[in-house]
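Undergrad: Sending over a structure as structure tokens; questions will come in a sec.
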Amino acid sequence: MNTPRRVEHQQTDRGTIPVYATGVVEQPWDDYSSVDHHVWGELFARQREVLAGRACQEFLDSQNVLQMTADAIPKFSELNPILREATGWELVGVEGLLPEYTFFEHLANRRFPVTWWIRKPEQIDYISEPDLFHDLFGHVPLLMNPVFADYMEAYGRGALKAHGISEEALLNLTRLYWYTVEFGLIRTDAGLRIYGAGIVSSKGESIYCLESDAPNRIGFDLERIMRAQYRIDTYQQTYFVIDSFEQLFDATRPDFTRIYARLANQPSIRARDVLDSDDVIHRGTREGFATDEDA
Numbered sequence: 001m002n003t004p005r006r007v008e009h010q011q012t013d014r015g016t017i018p019v020y021a022t023g024v025v026e027q028p029w030d031d032y033s034s035v036d037h038h039v040w041g042e043l044f045a046r047q048r049e050v051l052a053g054r055a056c057q058e059f060l061d062s063q064n065v066l067q068m069t070a071d072a073i074p075k076f077s078e079l080n081p082i083l084r085e086a087t088g089w090e091l092v093g094v095e096g097l098l099p100e101y102t103f104f105e106h107l108a109n110r111r112f113p114v115t116w117w118i119r120k121p122e123q124i125d126y127i128s129e130p131d132l133f134h135d136l137f138g139h140v141p142l143l144m145n146p147v148f149a150d151y152m153e154a155y156g157r158g159a160l161k162a163h164g165i166s167e168e169a170l171l172n173l174t175r176l177y178w179y180t181v182e183f184g185l186i187r188t189d190a191g192l193r194i195y196g197a198g199i200v201s202s203k204g205e206s207i208y209c210l211e212s213d214a215p216n217r218i219g220f221d222l223e224r225i226m227r228a229q230y231r232i233d234t235y236q237q238t239y240f241v242i243d244s245f246e247q248l249f250d251a252t253r254p255d256f257t258r259i260y261a262r263l264a265n266q267p268s269i270r271a272r273d274v275l276d277s278d279d280v281i282h283r284g285t286r287e288g289f290a291t292d293e294d295a
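For what it's worth, full-length UniProt numbering labels the leading residue of the sequence shown as 1, then goes sequentially.
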């Protein structure tokens with residue numbers, strides 16, 4: 001078998017240009033270099049240390065059940081039987097960033113795409129696109145949680161429907177994914193904890209999201225989130241906090257068609273803004289916030 005391609009964003013003098021891949025590939029585990037395994041091990045050990053007392057217990061427990069360790073990059077073929085037995089999900093290898101519709105089709109069918117390649121040593125602190133560490137370490141553990149697993153499938157099905165309604169509807173749903181699956185916080189008896197994959201795979205944001213006074217922390221509100229712009233180039237200016245994974249799944253039960261119609265007549269909300277109607281857990285100081293336009 002030929003080694004799959006490593007499809008990465010293109011860097012130009014005008015910035016980063018996303019490059020998409022669509023195919024499913026076998027994980028070329030035997031072709032990983034000692035450097036690849038070392039990068040995984042360094043990131044894994046560092047994040048597990050940082051996440052103690054910061055990540056939700058469901059995430060940490062699920063990662064343990066999956067038997068992920070710092071010793072070597074996990075094999076998809078060994079993780080899939082555990083995932084299938086727990087929640088019916090499975091991992092599929094991909095070469096890079098997927099087009100939206102392809103990604104949604106995978107989620108709707110309980111398949112989670114994982115980029116087969118891992119970042120280079122010089123990218124260990126930051127990479128602008130999803131790699132194996134982000135996908136596998138950040139996203140996969142919570143697929144072991146039955147409620148969150150159901151939420152992810154429901155999201156995929158809803159996104160396929162939104163794709164056929166309008167660009168605005170899809171944008172509303174993209175914001176929901178961003179502020180929950182990628183950058184979500186959850187209330188627990190021990191305090192606020194992290195569950196979003198974009199946070200748990202980032203050392204800096206794992207600390208910032210809970211301990212910095214700068215960002216807002218606001219209680220979950222479905223339609224509020226679907227109007228919220230977001231940053232792709234900095235830490236988040238606002239984090240939304242769920243009370244439980246059940247709350248998150250329950251929010252996906254209604255038909256969103258009427259919600260999209262209501263939101264079509266309402267303006268977007270800047271990432272940094274706090275509304276009078278918000279359930280404000282912490283009003284940020286906004287220190288260090290970028291002042292240019294949000295995504």
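Glycine included, every Cβ here is placed at the ideal spot set by N, Cα and C.
Counting only runs of 4+ residues fully inside the region 158-208, write out the alpha helix (DSSP H) ranges in chain order.
TA: Runs found: 167-177 and 197-200.
Undergrad: Should the region 54-74 be called in touch with the region 191-199, which here means at least 3 C-beta pairs below 8 Å?
TA: Contact between the region 54-74 and the region 191-199 is present, because at least three Cβ pairs lie under 8 Å.
Undergrad: To the nearest angstrom, how far is the alpha carbon of T291 from that of S77?
TA: The residue labelled residue 291 in the question sits at position 291 within the sequence shown. The residue labelled residue 77 in the question sits at position 77 within the sequence shown. Each residue's alpha carbon lies about 45 Å from the other.
Undergrad: Do I124 and L43 have their CB atoms nearer than 8 Å?
TA: Residue numbering aside, residue 124 sits at position 124 when the sequence shown is read from its first letter. Residue numbering aside, residue 43 sits at position 43 when the sequence shown is read from its first letter. Their beta carbons are under 8 Å apart, which means I124 touches L43 by this criterion.
Undergrad: Going by other Cβ atoms of all chains shown within 10 Å of its Cβ, with 16 needed for buried, is M1 buried or exposed?
TA: Here residue 1 refers to the residue found at position 1 of the sequence shown. Only weak support exists for where M1 lies, its pLDDT of 49 falling under 50; the value from the coordinates is given anyway. Exposed is the call here.
Undergrad: Taking only the alpha-carbon atoms, compute the straight-line gap between I73 and L170 and give it to the nearest angstrom.
TA: Your numbering for residue 73 matches position 73 in the sequence shown. Your numbering for residue 170 matches position 170 in the sequence shown. The alpha-carbon atoms of I73 and L170 are separated by roughly 34 Å.
Undergrad: For D250, count neighbouring C-beta atoms within 10 Å of its own C-beta (all shown protein chains included) and say buried if the count is 16 or more, exposed if not.
TA: As a working mapping, residue 250 is identified with position 250 in the sequence shown. Exposed, because fewer than 16 other Cβ atoms sit within 10 Å of the Cβ of D250.
Undergrad: Compute the beta-carbon to beta-carbon distance between W117 and R283, rounded to the nearest angstrom, for a pair I have assumed lies under 8 Å.
TA: Counted from its first residue, the sequence shown places residue 117 at position 117. Counted from its first residue, the sequence shown places residue 283 at position 283. In fact, because the Cβ distance is near 41 Å, the residues do not count as touching under 8 Å.
Undergrad: Rounded to whole angstroms, what is the Cα-Cα separation between P28 and Q67?
TA: Within the sequence shown, residue 28 is the residue found at index 28, counting from 1. Within the sequence shown, residue 67 is the residue found at index 67, counting from 1. Cα to Cα, P28 sits roughly 20 Å from Q67.
Undergrad: Using the DSSP secondary-structure output, state which residues sit across from V151 in a beta bridge.
TA: As a first step, residue 151 is located in the sequence shown; it is residue number 151 there, counting from the start. In the sequence as displayed, the identity of residue 151 is Tyr instead of Val. DSSP, once it has assigned bridges, lists no residue as partnering Y151.
Undergrad: According to DSSP, simplified to helix, strand and coil, what is P113?
TA: Taking the sequence shown and counting its residues from 1, the one referred to as residue 113 is at position 113. Here P113 sits in strand by DSSP.
Undergrad: Do K161 and R46 count as a contact pair if the criterion is CB distance below 8 Å?
TA: For this step, residue 46 is matched to residue 46 along the sequence shown. For this step, residue 161 is matched to residue 161 along the sequence shown. No, they are not a contact pair.
Undergrad: Extract the residue ranges of the alpha helix (DSSP H) inside the region 57-140, only unbroken runs of 4 or more that lie entirely within it.
TA: Counting whole runs of 4 or more residues, the region 57-140 contains the alpha helix (DSSP H) stretches 57-65, 76-87 and 100-108.
Undergrad: What does the Cβ neighbour count give for E122, buried or exposed, with the cut at 16 atoms within 10 Å?
TA: For the purposes of this step, residue 122 is identified with residue 122 of the sequence shown, where counting begins at 1. Exposed is the call here.
Undergrad: Between which two residues does the alpha helix (DSSP H) carrying F240 extend?
TA: Taking the first residue of the sequence shown as position 1, residue 240 is located at position 240. From DSSP, F240 is part of no alpha helix (DSSP H) but of the beta strand (DSSP E) over T238 to I242.
Undergrad: By DSSP, does R14 sit in helix, in strand, or in coil?
TA: In the sequence shown, counting from the first residue as 1, residue 14 sits at position 14. In this structure, R14 counts as coil in the three-state DSSP scheme.
Undergrad: Looking only at its chain, what residues have a beta carbon closer than 7 Å to the beta carbon of A264, apart from the 5 residues adjacent to it on each side?
TA: On the sequence shown, residue 264 is found 264 positions in, with the first residue counted as 1. E168.
Undergrad: Could you give the C-beta distance for L185 and Y155, rounded to a whole number, given that I count them as a contact under 8 Å?
TA: For the purposes of this step, residue 185 is taken as the residue at position 185 of the sequence shown. For the purposes of this step, residue 155 is taken as the residue at position 155 of the sequence shown. That belief does not hold up - the Cβ atoms of L185 and Y155 are roughly 18 Å apart, past 8 Å.
Undergrad: Where L142 and P113 are concerned, what is the direct C-alpha to C-alpha distance, given to the nearest angstrom?
TA: In the sequence shown, residue 142 corresponds to position 142, counting from 1. In the sequence shown, residue 113 corresponds to position 113, counting from 1. Rounded to whole angstroms, L142 to P113 spans 14 Å at the Cα level.
Undergrad: State the Cα-Cα distance for the pair L83 and L60, rounded to the nearest angstrom.
TA: Locating residue 83 in the sequence shown gives position 83, counting from the first residue. Locating residue 60 in the sequence shown gives position 60, counting from the first residue. In a straight line, the C-alpha of L83 is about 15 Å away from that of L60.
Undergrad: Is R111 near V94, with beta carbons less than 8 Å apart?
TA: Looking up residue 111 in the sequence shown gives position 111. Looking up residue 94 in the sequence shown gives position 94. Cβ atoms of R111 and V94: not closer than 8 Å.
Undergrad: Rank R270, L132, P215 and H139 by C-alpha distance to the C-alpha of S62 and give the top, closest one.
TA: For the purposes of this step, residue 62 is identified with residue 62 of the sequence shown, where counting begins at 1. Residue H139 is the option with its Cα nearest to S62.
Undergrad: Given that a residue counts as buried once 16 or more other Cβ atoms are within 10 Å of its Cβ, and exposed if not, what is Y101?
TA: If you number the sequence shown from 1, residue 101 lands on position 101. With fewer than 16 other Cβ atoms within 10 Å, it is exposed.
Undergrad: Applying the 10 Å Cβ sphere with the 16-neighbour rule, what's the burial state of S33?
TA: The residue labelled residue 33 in the question sits at position 33 within the sequence shown. By the neighbour-count rule (16 or more Cβ atoms within 10 Å), S33 is not buried but exposed.
Undergrad: Using the beta-carbon count (16 or more within 10 Å), is L275 buried or exposed?
TA: Position 275 of the sequence shown holds residue 275. Classification of L275: exposed, given that the 10 Å Cβ count is below 16.
Undergrad: Whose C-alpha, out of W40, Q11 and E105, is nearest the C-alpha of T22?
TA: For the purposes of this step, residue 22 is taken as residue 22 along the sequence shown, with counting starting at 1. Comparing Cα-Cα distances from T22 to each of W40, Q11 and E105, the minimum goes to E105.
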